[in-house]
Amino acid sequence: SGALADRQSACRSPELLAALGRLPPATLVVPMMAEPHLLAKTRHRSLAATYHRNQAGNRAMIAAMIAAPAQGTALLADVGVGYVVYCPGYDTDRYARMQSASLAAALVARRSVAGLVPIASLPGGVTIYRVALGNREAAR
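Just remember that the working numbering sits 26 ahead of the position in the sequence shown, which is counted from 1.
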């Protein structure tokens, strides 16, 4: 649908690329289908991606997204994630439908999550969060 395409294009926007460009290089959680575009145009790394050789990263990202918010955030910190990029209309929304009490559902509903600090709100509902969990605070 047109509305979905508009929301998804926000995850490839110049505004998001500029915001990511201002952040120190780190490991990101980004929507898997947007990941190649974002990584090609930034200095960041991605925990999960759409290629078959990244099974450990993919499993870690999915486990974090479907876990309870506190557990999911701790999992992301443990694997060195520095930032989470939420873009409406991508895989986070699907994980939220799978587990209504999950980190993904909290992101979709814009609920505050301990250990995730919103640092940028961008057009199209895109939000960048910094993972800041005690001594595991990351900008890795």
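Built from N, CA and C at the ideal position, the CB exists for glycine as well.
Note the first and the last residue of the continuous beta strand (DSSP E) segment covering L42. Counting along the chain, no beta strand (DSSP E) covers L42; the unbroken alpha helix (DSSP H) around it starts and ends at P40 to G47.
Indicate whether V55 and V111 have their beta-carbon atoms separated by less than 8 Å. Their beta carbons are under 8 Å apart, which means V55 touches V111 by this criterion.
Compute the distance between the beta-carbons of S39 and G150, then report whether it is under 8 Å. Yes.
In the structure shown, what three-state DSSP assignment does T153 receive? It is a strand residue.
For T99, which residues from the same chain have a beta carbon less than 8 Å from its beta carbon, with the 5 sequence-adjacent residues on both sides left out? Listed in chain order, the non-local C-beta contacts of T99 below 8 Å within the same chain comprise A90, L129, V139, A140, G141, L142, V157 and L159, local neighbours out to five positions each way being set aside.
Cβ shell of A94 (< 8 Å), same chain only, five flanking positions each side left out: These residues qualify, in order along the chain: A127, S128 and L129.
Hey, is A96's beta-carbon within less than 8 Å of any beta-carbon in chain B? Although the question refers to chain B, the structure presented lacks it and comprises just one protein chain.
Exposure of P51, with buried meaning 16 or more beta-carbon neighbours within 10 Å: Only exposed fits P51, as fewer than 16 other CB atoms lie within 10 angstroms of its CB.
I need the straight-line Cα distance from G47 to T68, nearest angstrom please. CA-to-CA, the gap between G47 and T68 works out to about 6 Å.
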